[in-house]
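S.K.: Residue numbers (my numbering): 4 to 96.
1. Under the rule that 16 or more other beta-carbon atoms within 10 Å means buried, what is residue 60, buried or exposed?
2. Are residue 12 and residue 58 touching if we call contact CB-CB under 9 Å?
3. Quick one: using the 10 Å Cβ neighbour count with 16 as the cut-off for buried, is residue 47 buried or exposed?
4. Which same chain residues end up closer than 8 Å to residue 78 when comparing Cβ atoms and leaving out the 5 residues on each side of it in sequence?
5. Would you mind listing the beta strand (DSSP E) stretches within the segment 20-93 that are 3+ residues and don't spill past its ends, in chain order?
6. Compute the Euclidean distance between the alpha carbons of residue 23 and residue 9, then round it to the nearest angstrom.
7. In angstroms with no decimal places, state the Cα-to-Cα distance between residue 50 and residue 82.
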């Protein structure tokens with residue numbers, strides 16, 4: 004468990020979105036398949052903590068990493084996501 008309280012599955016989840024899907028958006032079924040985990044496990048165990056910690060957002064198009072998640076992973080946020088501030092500042096309509 005790291006300093007934010009993330010365990011190995013939490014980090015795998017965030018890493019998959021970052022590395023495999025460019026930070027999102029990505030659907031839950033796609034993530035479940037990529038991680039070889041059950042959808043229910045991700046939705047009921049992993050996502051609530053990540054959402055609470057501000058590392059993940061659920062959008063109509065799928066899951067998206069927040070600035071905090073990119074920072075925690077030690078990765079630079081892709082430019083295409085920087086152009087969508089409403090996803091990351093809590094002001095989505």
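We put the CB at the ideal spot given by N, CA and C, even for glycine.
M.R.: Based on what the coordinates show:
1. buried
2. no
3. exposed
4. 21
5. You should have 59-62 and 65-68.
6. Cα to Cα, the separation comes out at about 20 Å.
7. 25 Å
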